[in-house]
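For the sequence shown, my numbering assigns the number 965 to the initial residue and increments by one for each residue that follows.
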Amino acid sequence: MKEMLHGAILEGFGEARLAIRSQNYARAYHWLERTHILTQRRPLLHAKSHVFMLYVGIRTRDPREVVGQIPRVFAALLFSTIWVPSGNTGRARVSAFQVMPISQELRNLLSEE
């Protein structure tokens, strides 16, 4: 994995952790969605982003997020190397199959692959 992309992924998980600790769950989801896009082709990191979203769903008592994240954790492990919906933010409020636009910043990071 290229250095800039790897750094952005580490930053995303780190910022999400800080936001969770301070109970700023909207900020946590922002960082997790960004990190999800960057990790979609890496099964373990992709699953990790869904585990974090599951945890935030539990903390916020959001049944839709909790129920939606459980199958996504397993799907990330099984399908990340086969097919992923490009740009999908990973939240349960969007279809797991929906392709979404990717910001130029994230496209630049992903082009390092």
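All C-beta atoms, glycine included, are put in the ideal place defined by N, C-alpha and C. Keep in mind that this is a model prediction, so the values were computed, not measured.
For residue i, the three-state DSSP class (helix, strand or coil)
{"i": "residue 971", "result": "helix"}
{"i": "residue 1027", "result": "helix"}
{"i": "residue 1061", "result": "coil"}
{"i": "residue 985", "result": "helix"}
{"i": "residue 1020", "result": "helix"}
{"i": "residue 1052", "result": "coil"}
Sub-9 Å separation of residue i and residue j beta-carbons
{"i": "residue 1056", "j": "residue 1039", "result": "no"}
{"i": "residue 996", "j": "residue 1017", "result": "yes"}
{"i": "residue 1042", "j": "residue 1065", "result": "no"}
{"i": "residue 1004", "j": "residue 1048", "result": "yes"}
{"i": "residue 968", "j": "residue 1073", "result": "yes"}
Backbone CA spacing between residue i and residue j [nearest angstrom]
{"i": "residue 1045", "j": "residue 1075", "result": "17 Å"}
{"i": "residue 978", "j": "residue 984", "result": "10 Å"}
{"i": "residue 1054", "j": "residue 1000", "result": "6 Å"}
{"i": "residue 1027", "j": "residue 1021", "result": "7 Å"}
{"i": "residue 1024", "j": "residue 989", "result": "8 Å"}
{"i": "residue 1078", "j": "residue 973", "result": "Residue 1078 is absent from the model: the chain starts at 965 and stops at 1077."}
{"i": "residue 1014", "j": "residue 1029", "result": "10 Å"}
Cβ neighbours of residue i in the same chain (closer than 8 Å, five flanking residues each side left out)
{"i": "residue 1034", "result": "1018"}
{"i": "residue 1063", "result": "1049, 1050, 1051 and 1052"}
Neighbourhood of residue i by C-beta, 6 Å cutoff - its chain only, sequence neighbours within 5 removed
{"i": "residue 1032", "result": "1056"}
{"i": "residue 966", "result": "1076"}
Contact set for residue i: own chain, Cβ-Cβ below 7 Å, skip 5 residues either direction
{"i": "residue 1037", "result": "1011, 1014, 1015 and 1018"}
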